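Trainee:
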Amino acid sequence: MKRWIFIFSFFPLLSLSQSRISKEHKEVEKFQKELNREYLNSKETPLRGDNFANFKGHPFFPFNPKYRINAKFIKSENTQPFEIPTSSGKTKSYQEYGKATFELDGKSYILSLYQSLDLMKLKKYKNYLFLPFRDATNGKETYGGGKYMDLVVPQDNMIVLDFNKSYQPFCAYNAYDYNCPIVPEENRLPIKILAGVMYQDVYHH
Numbered sequence: 001m002k003r004w005i006f007i008f009s010f011f012p013l014l015s016l017s018q019s020r021i022s023k024e025h026k027e028v029e030k031f032q033k034e035l036n037r038e039y040l041n042s043k044e045t046p047l048r049g050d051n052f053a054n055f056k057g058h059p060f061f062p063f064n065p066k067y068r069i070n071a072k073f074i075k076s077e078n079t080q081p082f083e084i085p086t087s088s089g090k091t092k093s094y095q096e097y098g099k100a101t102f103e104l105d106g107k108s109y110i111l112s113l114y115q116s117l118d119l120m121k122l123k124k125y126k127n128y129l130f131l132p133f134r135d136a137t138n139g140k141e142t143y144g145g146g147k148y149m150d151l152v153v154p155q156d157n158m159i160v161l162d163f164n165k166s167y168q169p170f171c172a173y174n175a176y177d178y179n180c181p182i183v184p185e186e187n188r189l190p191i192k193i194l195a196g197v198m199y200q201d202v203y204h205h
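Shown next, in the form of structure tokens:
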């Protein structure tokens, strides 16, 4: 009898876990569809000419819940604005907002989160956080210049880093019209992040 009680009590937990993972997966699928929609829209896409005409959709790493990480968030105090160099040689103004610390495959890592001084002035983006990072896939499975992730200011001391939603900057697809922030040295990961948008170097720059 006890065995059956254990089995029946286990099923709701299993169902809840599968439901949670399914919800996370659906969020990533929504992100992927929206990104493809943006690039296929002539008014929003960074693609030009043949690059736009030949674009069918982004390649993505398979969804992996391993790369959806609950990181500890530490807000930075008394930080000063600074300039991040861009791919065009210009600079853009940012301010460090905080740091995210997390573990992956048993090792600890820290990434800095930034706010754009220009976007902070807009009500729509006042809680927007910018996470540029590099990892060991750059120049191979992903763009050589690194990837980005969009986040919002957390309500407590935890923040979700879903690398399944990481993407390449516009200048990976059109270096003529866009200048993209270069990933700061402090945000370079020595490991492969096999998640998010992949990159095929077939674009005419």
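The UniProt record's numbering numbers the first residue of the sequence shown as 1 and each following residue consecutively.
Glycine is no exception: its CB is placed at the ideal position from the N, C-alpha and C atoms.
Every value quoted in this text rests on a predicted model; they were computed, and no experiment measured them.
Helix, strand or coil for Tyr39 per DSSP?
Mentor: helix
Trainee: With a CB to CB cut of under 7 Å and the five nearest residues on each side skipped, what residues in its chain are close to Phe63?
Mentor: His25, Val28 and Asn164
Trainee: What did DSSP end up calling Asp150 once you bin it into helix, strand or coil?
Mentor: strand
Trainee: Residue range of the beta strand (DSSP E) that Phe52 falls in?
Mentor: Counting along the chain, Phe52 falls outside any beta strand (DSSP E), though it belongs to the alpha helix (DSSP H) covering Gly49 to Ala53.
Trainee: Taking only three categories from DSSP, how would you classify Gln200?
Mentor: coil
Trainee: In whole angstroms, what is the alpha-carbon distance linking Lys147 and Pro190?
Mentor: Approximately 14 Å, taken between the alpha carbons.
Trainee: Am I right that Pro59 and Met198 are in contact with their C-beta atoms under 8 Å? What's the rounded C-beta distance?
Mentor: 4 Å
Trainee: At what residues does the beta strand (DSSP E) containing Asp162 begin and finish?
Mentor: First-last of the beta strand (DSSP E) with Asp162: Met158 to Asp162.
Trainee: Is the beta carbon of Ser116 closer than 9 Å to that of Phe133?
Mentor: No; because the gap between Cβ atoms is not below 9 Å, this pair is not in contact.
Trainee: Which runs of the beta strand (DSSP E) at least 3 residues long sit entirely within the segment 63-121? Give them in chain order.
Mentor: 68-75, 82-85, 91-104 and 107-116
Trainee: Look at the alpha carbon of Ser42 and the alpha carbon of Arg48, and state the distance between them as a whole number of angstroms.
Mentor: Using only the alpha carbons, I get a separation of about 9 Å.
Trainee: Just curious, the beta strand (DSSP E) that Phe133 is in, first and last residue?
Mentor: Tyr128 to Phe133
Trainee: By a C-beta neighbour count over all protein chains shown, 10 Å radius and 16 as the cutoff for buried, is Leu122 buried or exposed?
Mentor: exposed
Trainee: Roughly how far, in whole angstroms, is the beta-carbon of Ala136 from the beta-carbon of Ala100, given that I think they are within contact range, below 8 Å?
Mentor: The distance from the Cβ of Ala136 to that of Ala100 is about 19 Å, inconsistent with a contact at the 8 Å cut-off.
Trainee: Could you check how far apart the C-beta atoms of Ile84 and Pro181 are, in whole angstroms? I think they sit under 8 Å.
Mentor: 5 Å
Trainee: Distance check for Asn51 and Gln95, CA to CA, integer angstroms please.
Mentor: 34 Å
Trainee: May I have the straight-line CA-CA distance separating Val202 from Tyr178, to the nearest angstrom?
Mentor: Looking at the two C-alpha atoms, the distance is approximately 17 Å.
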